[in-house]
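Visitor: Take the sequence shown: its letter number 150 is residue 134 in the working numbering, and every next letter is one higher.
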Amino acid sequence: MLRLRRRPLPRPRLRPVPLPLALRLRLRRARRVARRAPRVAAASPALPSPHGRGPGRRGVHETGTFYRRFLGLSRAPRTLDEWRGVPEAGLCAATNGELFADSPGHFSAIRRDLLAFYPEDLRLAKLSRRLHAAGQSGQYNWERSLCRGEAVAASLALAGFLDAALAITFLLARRFRPFQKWAHRALEGLPPPGPAVRSLLAELVAAPSSRATDLIEEVSVLLVGELRSQGLTEARGAFLVDHARPVASRIADSLLRRACGA
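(1) Under the three-state reduction of DSSP, which class applies to Phe160: helix, strand or coil?
(2) Does Cys76 come out as helix, strand or coil in the three-state DSSP assignment?
(3) Just how far apart, CA to CA, sit Cys131 and Val203?
(4) Counting along the chain, where does the alpha helix (DSSP H) carrying Pro179 start and finish?
(5) Rounded to the nearest angstrom, what separates Asp57 and Glu127 at their Cα positions?
(6) Pairs of beta-carbons, one from the segment 100 to 108 and one from the segment 182 to 202, closer than 8 Å: are there three or more?
(7) Name the two residues that bound the continuous alpha helix (DSSP H) containing Leu111.
(8) What distance in whole Å lies between the Cβ atoms of Ala219 and Phe163, which are believed to be in contact at a cut-off of 8 Å?
(9) Measuring alpha carbon to alpha carbon, tell me which of Arg19, Val70, Leu11, Asp226 ends up nearest Leu98.
(10) Whole angstroms are fine: how far does the CA of Thr47 sit from the CA of Ala228?
(11) So what's Thr63 in DSSP terms, helix, strand or just coil?
(12) Kindly list the residues whose CB is nearer than 6 Å to the CB of Ala167, restricted to its own chain and excluding five residues on each side of it in sequence; keep chain order.
(13) Just confirm the distance between the C-beta atoms of Ala109 and Leu240, as a whole number of angstroms; I'd bet it's less than 8 Å.
(14) Hey, how far is the Cα of Val181 from the Cα of Ser238?
(15) Excluding sequence positions up to five away, which residues of its chain have a Cβ less than 7 Å from the Cβ of Gln120?
(16) Would you identify the three-state DSSP class for Pro175, choosing helix, strand or coil?
(17) Buried or exposed, going by whether 16 or more other CB atoms sit within 10 Å of the CB of Leu9?
(18) What do you get for Ala112, buried or exposed, if any count of 16 or more other CB atoms within 10 angstroms of its CB means buried?
(19) Tell me the residue span of the alpha helix (DSSP H) that contains Phe91.
(20) Within 10 angstroms of its Cβ, does Gly173 collect 16 or more other Cβ (buried), or is it exposed?
(21) Would DSSP call Gln123 helix, strand or coil?
(22) So what does DSSP say about His168, is it helix, strand or coil?
(23) Mark Phe154 as exposed unless 16 or more other C-beta atoms lie within 10 angstroms of its C-beta, in which case mark it buried.
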């Protein structure tokens, strides 16, 4: 009787599967952060105490985590919808401050994309809406409310004009507007007409109603002058509402243009 002996099959040699490049780079960054974390933690007591938004404002942050904190994204926005979903004050905070070293260049690349500012269509859409709001609030509703003796309505209209005028000035300068408490002061660092608008707005909030109308008009004249210098309007006069449609008509995206009423 023939007996067959089974020989064990040789085990296949498993070759390690190479990780994707993006994952390898991410792991490398994580290891680099982990190595440096103890040194930074030891130096942390010398940093200013946390305040405002509480803990988490200092220490070691991975690049993606840092940007996600302000933008909701670990990278720069890529589409109009993504740009519209990011708060402007977050964009300002993410691009502010001095960068001392960035040898990999990843952090700087994202910051450069952000500093290129909004896509032009979105900038024009924001400008158009703010021009309409500023003209309606400051050049129309404010004086009518005063004439009717509606002091609260007049104050709300003036506040609406101040907010819209600030927004327009930053949009014209292609700079992100900071948090509300810093916005007026930041006008000083903008190109013209930023510093002049800053002075007029400061005078406006302290002026009697008899002078305030003229100051609102002076601010509007400055803003319209910059619109014209950028080739964004052919409309005459300084009534800001009249310039909203010419600005919107320059939006290339048809859906966004129609949403702005052009």
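In this text, a Cβ means the ideal position worked out from N, Cα and C, and glycines have one as well.
Being a predicted model, the structure only gives us computed values, none of them experimental.
Guide: Let me spell this out:
(1) Three-state DSSP puts Phe160 in coil, outside helix and strand.
(2) It is helical.
(3) A straight-line Cα-Cα distance of about 22 Å links Cys131 and Val203.
(4) For Pro179, the enclosing alpha helix (DSSP H) starts and ends at 178 to 190.
(5) The question names Asp, but residue 57 in the sequence shown is Leu. When rounded, the distance between both Cα atoms is 43 Å.
(6) Remark: fewer than three beta-carbon pairs, one from each stretch, lie closer than 8 Å, so the segment 100 to 108 and the segment 182 to 202 are not flagged as touching.
(7) Note, Leu111: alpha helix (DSSP H), 104 to 120.
(8) About 32 Å separates the beta carbons of Phe163 and Ala219, which is beyond the 8 Å limit, so they are not a contact pair.
(9) The residue with the shortest Cα to Cα distance from Leu98 is Val70.
(10) Rounded to the nearest angstrom, the two C-alpha atoms are 39 Å apart.
(11) In the structure shown, Thr63 adopts coil according to DSSP, grouped into three states.
(12) Closer than 6 Å at Cβ, skipping near neighbours: Leu150, Arg161.
(13) With a Cβ gap of about 5 Å, Ala109 and Leu240 count as contacting.
(14) Going from the Cα of Val181 to the Cα of Ser238 covers about 33 Å.
(15) Within the same chain, Gln120 has close Cβ partners Val225.
(16) In this structure, Pro175 counts as coil in the three-state DSSP scheme.
(17) Here Leu9 is exposed, its C-beta having fewer than 16 other C-beta atoms within 10 Å.
(18) According to the sequence provided, residue 112 is Ser. The question's Ala does not apply to it. Burial of Ser112 is indicated by the presence of at least 16 other C-beta atoms within 10 angstroms of its C-beta.
(19) Unbroken alpha helix (DSSP H) run through Phe91: 90 to 99.
(20) Result: exposed.
(21) Correct three-state label for Gln123: helix.
(22) Correct three-state label for His168: helix.
(23) Phe154 is buried by the Cβ-count criterion.
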